[in-house]
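To keep things clear, I will list the structure first and then write my remarks on it.
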Amino acid sequence: MTETSVPSPVVVHRRPAVSDRLRWIFGALILLGLGYWLISAAVDEPERFAQVTVIGLSNGMIYALVALGYTLVYGIIELINFAHGDIFMLGTLQTQSIFADGSLQIPLLFFVISVPLGTAATVSSSGLEKTYAIAMALTVSVVFCLAINAAIERIGYKPLRGQPRLAPLITAIGFSFILQGIGLSWKGEGRIAIPQLIPDTVLIGEGGTLLDFGSFPYYTVRDLMVLLITAPVLIALTLLIQRSKPGKAMRATAQDRDAAAMMGISVDRTISFTFALGGAIAGAGGVVYALYVGTTYFQLGFRLGLIAFTSAVLGGIGNLSGAVLGGVLIGLVAAYNDGFGDARWTYTVIFTILILILVFRPSGLLGERTPEGQ
Amino acid sequence: MLAVLGLLVAALALVATGCGGGDDSKTLKIVSDLPLQGSNLVQSGQMVEAIEYVMELADNKAGDYTVEYESFDDAIASTGNWDEATCASNARSYADDDSIVINIGTYNSGCAAIEIPILNEAGLAMVSPANTYPGLTVSGSGTEAGEPDKYYPSGERNYLRVVAHDLFQGSADANFMKNDLGVKSVFILDDKELYGKGVADAFEGSAKEIGLGIAGHEGWDKDAPNYTALMTKIKATGADAIFIGGVSPNNGGQLVKDKVSVLGDNETVKLVVSDGFVLDSLFKDAGAENVNGAYGSAPTLPASQITGAGAEFLKGFQEKIGVDEDIQVYTLYAATAAQVALDAIARSDGTRADIIAQLFATNLTDAATGSMSFDANGDPAAGTEQLFLADGPKGTWVWNKALESTS
Chain W
4 MTETSVPSPV VVHRRPAVSD RLRWIFGALI LLGLGYWLIS AAVDEPERFA QVTVIGLSNG
64 MIYALVALGY TLVYGIIELI NFAHGDIFML GTLQTQSIFA DGSLQIPLLF FVISVPLGTA
124 ATVSSSGLEK TYAIAMALTV SVVFCLAINA AIERIGYKPL RGQPRLAPLI TAIGFSFILQ
184 GIGLSWKGEG RIAIPQLIPD TVLIGEGGTL LDFGSFPYYT VRDLMVLLIT APVLIALTLL
244 IQRSKPGKAM RATAQDRDAA AMMGISVDRT ISFTFALGGA IAGAGGVVYA LYVGTTYFQL
304 GFRLGLIAFT SAVLGGIGNL SGAVLGGVLI GLVAAYNDGF GDARWTYTVI FTILILILVF
364 RPSGLLGERT PEGQ
Chain V
4 MLAVLGLLVA ALALVATGCG GGDDSKTLKI VSDLPLQGSN LVQSGQMVEA IEYVMELADN
64 KAGDYTVEYE SFDDAIASTG NWDEATCASN ARSYADDDSI VINIGTYNSG CAAIEIPILN
124 EAGLAMVSPA NTYPGLTVSG SGTEAGEPDK YYPSGERNYL RVVAHDLFQG SADANFMKND
184 LGVKSVFILD DKELYGKGVA DAFEGSAKEI GLGIAGHEGW DKDAPNYTAL MTKIKATGAD
244 AIFIGGVSPN NGGQLVKDKV SVLGDNETVK LVVSDGFVLD SLFKDAGAEN VNGAYGSAPT
304 LPASQITGAG AEFLKGFQEK IGVDEDIQVY TLYAATAAQV ALDAIARSDG TRADIIAQLF
364 ATNLTDAATG SMSFDANGDP AAGTEQLFLA DGPKGTWVWN KALESTS
């Protein structure tokens, strides 16, 4: 009893090689199975395979837009901003207000302030009216979501800097519910239709205006719209982070907060900037979703946020290209399963693949890029 | 200490008086249990008004008994939908209140599945104006193992409904598709919920029986952003019709919209939906042009087809609530349920057990929806199934005809 225990040296146990090998064989078998399934689908029904791929790509790009917000914030302060999906949801609701009522709406707890911006746009509106409505929606939704995310950061996260990580995490969950509450009191609990301003005109495929062939509407104006909005946003974001001064500050803060501060970077302002940027992207995502899907409701952010967060983890959280890759991959898997498997099991399939990838690459496909991960 | 004892005695005396009886023994209470939140309120609020109107016409009397009525809500504000915990706690409170003899409810079959066993153990009657899930009263295709017995732990039946169940609807829809629309192969979709899957399975069972080809049967995920990939699969099966079982608030608008965008309008590939989709809100959710030409079935007579005593009742009710107000699908069935309840109480000795017996012996000829009597399972002896056609330009479902069912 009187003996003093000597701390034993830390021994790193390597996993037995056999279990490692079994794990890889198991993984390879599943990958082969999936590959076989997809290739046989592509060979049996090439036309439909192409169609489903386009659907998956378009859905995936929307997931990617939302995933970017998660990944940006995680990359800089390692916080999973659970409220991000709900900010995206508010972006879709704001877009609906602009299209259906022609007004910017500011939801307060028990009433909504309406600021008229023009007339409501419908399917039959002129091209100019539609362009104006979409431009207005993009501007307003981006500013609206940017302001909300920045406000949330100022009110909820900033005071918790340096506190245990669980505190801001719980705050994020709390904000998620508050934003859902705002969405509920703003537009009610049912799903609401958003006027479809972009026609479903086929560009390539059966009856296509550019290329008329095959028996499926491969590429429509709506698919093109997703690409036309998403691609510039992604390019602008990459340029901003790689070339601009605030982008440099973001990267420096992500790598080493203390060193960045010592170099004269305002860490607080950089973090606030990141949140604002994340909010703006969610706003743009909300407009794309509204134009492409055409319905929304107050709980949209929960499921979509979960998928987007999963995309970010799949690609490697904190890694911008990873978020895009993850989003597109999940969009494709969901579409292939809906189109060739059984729609009942789509989310089971998505999350099984996620677990498998994490087992083999715990830091995601392209690897984490966080202060810890560097 | 004495004061506390005194208070206790006083409280006990109060309780004893409450349970006692005296003049109160002739006062019985019925309750209704409906989802009174959100978009449900349009329908269920009117059902409450219809029950109140029945009570008013009867002057709150049933035979020698004075009958009180109270409306309960089984939905929660945050979702606007019925809630499992609320259904259970409502049922427990009815079971514990000896003055309550009949529960008119529920609206949703899922909520009924929770309430029936609780009330069954308390020997309390339940009359639903709207439940259509077959497994609540019968076994067969579209029901789960152990149904309906698992809902009746006492071994005695205590549940009746005034609308026909979905085996009836499934069979009527399958016959209509094969014989009237000339469908060769149908793809079935359900929303994976008790009611939706039930009616879709019932439809599938009937379709197989009558030789209508099944191209596939899948569930849709109500939280998916869209269903275009699923629709391309349906297109590849070559199905010339789709049957949807479920409720349209489960992203039904998106489903119908994507069906039309991939498979073409409802003339090219026929669309038949169950009564959970026969709501005017579908025209807004999916876009009126996408719903146009779809057929929907419902186990309820529309107000325009009500005749006799029911028409009289309807006239009075319409005046009471305002002539501009549209009569919702299940409103008159709530009135019928209330009339059935008062009729059974009037013939009973006032006990819960006898009221159940009298409910099963119902033989009303002048209820709001026509004649009403029940079979041994608690289902209406003569169910009805009506067909509606979606009129896009008007944005409403228009009554088409009565359907034939072989169930």
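Here the protein sequences come in this chain order: W and V. Going by our numbering, the first sequence opens with residue 4, and the numbers climb by one from there. Going by our numbering, the second sequence opens with residue 4, and the numbers climb by one from there. The beta-carbon is built from N, C-alpha and C at its ideal position, and this holds for glycine as well.
Residues of the same chain with a CB within less than 6 angstroms of the CB of ILE309 (chain V), apart from the 5 flanking positions on each side, are LEU317 in chain order.
Interface annotation, THR235 (chain V): in contact with chain W, CB-CB separation under 8 angstroms. Taking a C-beta cut-off of 7 angstroms against chain W, the contacting residues of the segment 36-48 of chain V are GLY41 and SER42, listed in chain order. DSSP places LYS32 (chain V) in the uninterrupted beta strand (DSSP E) bounded by 30-37.
By the neighbour-count definition (other C-beta atoms within 10 Å, threshold 16), GLN54 (chain W) is a buried residue. Identification of chain W residues near THR240 (chain V) by a Cβ-Cβ cut-off of 7 angstroms yields none; the smallest Cβ-Cβ distance measures about 11 angstroms.
The continuous beta strand (DSSP E) containing ARG164 (chain V) extends over residues 162-164. Contact with chain W is absent for ASP378 (chain V), since none of that chain's Cβ atoms lies less than 8 angstroms from the residue's Cβ.
A residue is called buried when at least 16 other Cβ atoms come within 10 angstroms of its Cβ; LYS262 (chain V) meets this threshold and is buried.
The beta-carbon separation of ALA232 (chain V) and ALA338 (chain W), rounded to 4 angstroms, stays under the 8 angstroms limit for a contact. Following the DSSP letters along the chain, one finds GLN172 (chain V) inside the alpha helix (DSSP H) bounded by residues 169-178.
Cα atoms of GLY130 (chain W) and GLY159 (chain W): separation of roughly 42 angstroms, rounded to the nearest angstrom. DSSP places ILE109 (chain W) inside the beta strand (DSSP E), whose first and last residues are 106-110. Annotated three-state conformation of TYR66 (chain W) is helix, per DSSP. With contacts defined as CB atoms closer than 8 angstroms, HIS220 (chain V) and GLU212 (chain V) fail to qualify as a contacting pair. Closest in C-alpha terms to ALA393 (chain V), from the list V:ALA384, V:ASP268 and V:ALA53, comes V:ASP268. Three or more beta-carbon pairs separated by less than 8 angstroms link the segment 34-51 of chain V to the segment 331-348 of chain V, which places the two stretches in contact.
Here LEU368 (chain W) carries a coil assignment [DSSP, helix/strand/coil]. Residue range 169-190 is occupied by the alpha helix (DSSP H) that includes LEU172 (chain W). Per the coordinates, the alpha-carbon of VAL143 (chain W) lies some 22 angstroms from the alpha-carbon of PRO202 (chain W).
Rounded to whole angstroms, the gap between the alpha carbons of LEU112 (chain W) and LEU357 (chain W) is 38 angstroms. The C-alpha of ALA312 (chain V) is placed about 16 angstroms away from the C-alpha of GLU59 (chain V). With contacts defined by Cβ atoms closer than 8 angstroms, LEU75 (chain W) and GLY186 (chain W) do not form a contacting pair.
Within the segment 199-216 of chain V, contact with chain W at the beta-carbon level (separation under 8 angstroms) is assigned to no residue.
The Cβ of ALA232 (chain V) sits closer than 8 angstroms to at least one Cβ of chain W. Excluding its 5 nearest sequence neighbours in each direction, VAL291 (chain W) has C-beta neighbours in its own chain below 7 angstroms: ILE65, LEU68, VAL229, ILE232 and THR233, listed in chain order. For ASN111 (chain V), the closest alpha carbon among the candidates V:ASP36, V:GLY398, V:THR82 and V:SER174 is that of V:ASP36. Going by C-alpha positions, ALA125 (chain V) is about 49 angstroms away from PHE91 (chain W). Contact with chain W is found for GLY222 (chain V), since one of that chain's Cβ atoms lies less than 8 angstroms from the residue's Cβ. Rounded to whole angstroms, GLY191 (chain W) and THR256 (chain W) show a C-alpha spacing of 41 angstroms. In terms of Cβ geometry, GLY398 (chain V) and PHE286 (chain V) form a close pair [threshold 8 angstroms]. Within chain V, no residue has its beta carbon less than 9 angstroms from that of TYR222 (chain W); the closest one is some 12 angstroms off. Between THR82 (chain V) and chain W, the shortest Cβ-Cβ separation is below 8 angstroms.
By the neighbour-count definition (other C-beta atoms within 10 Å, threshold 16), TYR39 (chain W) is an exposed residue.
With fewer than 16 other beta carbons inside 10 angstroms of its own, GLY165 (chain W) counts as exposed.
One finds ARG306 in chain W with Cβ atoms closer than 7 angstroms to the Cβ of ASP226 (chain V), taken in chain order.
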